[in-house]
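All residue numbers for the sequence shown refer to my numbering, where the first residue is 34 and numbers rise by one. Yeah, the Cβ is synthetic: ideal placement off N, Cα and C, and Gly gets one too. Just so we're clear, the structure is a prediction, and the values are computed from it rather than from any experiment. So the structure is just underneath, and the comments pick up after that.
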Amino acid sequence: MSVFQRKPASQFPRSVIRIYTEGKKTEPNYFNAIKDELKRNEIEIIVDGRGDHTLSLVEWVINKKENERNDPAFVTEWWVVFDKDEHLDFNHAIELAEKNKIQVAYSNECFELWFILHFEYLQTAINRKAFNTKLTKLLSRKYEKNSNIYSIIKEKEAFAIKNAKKLEEMHLSENRVNQALRNPSTTVYKLVERLRKI
Numbered sequence: 034m035s036v037f038q039r040k041p042a043s044q045f046p047r048s049v050i051r052i053y054t055e056g057k058k059t060e061p062n063y064f065n066a067i068k069d070e071l072k073r074n075e076i077e078i079i080v081d082g083r084g085d086h087t088l089s090l091v092e093w094v095i096n097k098k099e100n101e102r103n104d105p106a107f108v109t110e111w112w113v114v115f116d117k118d119e120h121l122d123f124n125h126a127i128e129l130a131e132k133n134k135i136q137v138a139y140s141n142e143c144f145e146l147w148f149i150l151h152f153e154y155l156q157t158a159i160n161r162k163a164f165n166t167k168l169t170k171l172l173s174r175k176y177e178k179n180s181n182i183y184s185i186i187k188e189k190e191a192f193a194i195k196n197a198k199k200l201e202e203m204h205l206s207e208n209r210v211n212q213a214l215r216n217p218s219t220t221v222y223k224l225v226e227r228l229r230k231i
């Protein structure tokens, strides 16, 4: 082949992973840190901290997905990341996302549970304020929401995934199919595992 001939374009589609979070800083900081570490050219990772909650976040992503130009050269995965908090539409938001082929990384009660699972297995429900207190103790420094702690916890990621799966198994063994009642629980590990498989 001549040096002047163009090589054929790759037949493999380029992948795009779109991650939309309800938080504007904590979750985007975390997932952007993973993205920066991965530095992959063949897969584009887009992280957008929307500031919407559960159902409104899912509805916004559904609308964006429907209006997105369908380019056959790209394979797009859609993810939403949100917390249970006090939202009554939590289960409905999960069901609606899944129905529209949007994957869900939820936390019940809040995203900080995922951080705690890097240090210990937590199977008892605690209130939101207790998460911050517990994280401050585990980190040996004051935990502030919206802080970027990825560099501190990344080496413990496998342990967090193991603990999150253990929680899921516990709820399933107790026939707890209602995600709103699975407190504590988190499926953030699914998104993290997906990113690690890139």
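| Asked | Found |
| --- | --- |
| How is the alpha helix (DSSP H) around SER184 delimited, first residue to last? | 183-186 |
| Based on Cα-Cα distance, which residue from THR54, LEU71 and GLU55 lies nearest to GLU226? | LEU71 |
| Could you check the C-alpha separation between LYS199 and SER140 for me, to the nearest Å? | 14 Å |
| Just checking my contact of LYS223 with ALA138 at CB under 8 Å: how many whole Å lie between their CB atoms? | 6 Å |
| At a cut of 8 Å, does the region 118-135 reach the region 84-97 through at least three beta carbon pairs? | yes |
| Tell me whether the beta-carbon of LEU50 lies closer than 8 Å to the beta-carbon of GLU110. | Sequence check: residue 50 is Ile here, not Leu. Yes, they are a contact pair. |
| Does the beta-carbon of THR59 have 16 or more other beta-carbons within 10 angstroms, so that it is buried, or is it exposed? | buried |
| Drop a sphere of 10 angstroms on the beta-carbon of LEU146, count the other beta-carbons inside from all chains shown, and report buried for 16 or more, exposed for fewer. | buried |
| Within 10 Å of its beta-carbon, does GLU142 have 16 or more other beta-carbons around it, so buried, or fewer, so exposed? | buried |
| With DSSP run on the structure shown, which of helix, strand or coil describes SER48? | strand |
| Taking Cβ to Cβ, would you say LEU90 is nearer than 8 Å to PHE123? | no |
| Roughly how many angstroms lie between the CA atoms of ALA42 and GLU77, to the nearest whole one? | Confidence at ALA42 is low in this model, with a pLDDT of 48, below 50, so the placement of that residue is unreliable and no value is reported for it. |
| Could you name the residues that DSSP lists as bridge partners for SER218? | ASN141 |
| Considering only C-alpha positions, which residue in the set ASN216, ILE159, THR219 and SER180 is nearest to TYR63? | SER180 |
| Could you tell me which residues DSSP puts in a beta bridge with VAL113? | TYR53 and VAL137 |
| What are the boundary residues of the alpha helix (DSSP H) that ASP69 is part of? | 59-71 |
| In chain order, what residues of the same chain lie with their CB nearer than 6 Å to the CB of LEU129, ignoring the 5 residues before and after it? | VAL91 |
| Could you tell me which residues DSSP puts in a beta bridge with GLY84? | Partner(s): none; GLY84 has no beta bridge. |
| Let me check one thing: in DSSP terms, what residues is VAL94 bridge-paired to? | Note: VAL94 sits in no beta bridge, so no partner. |
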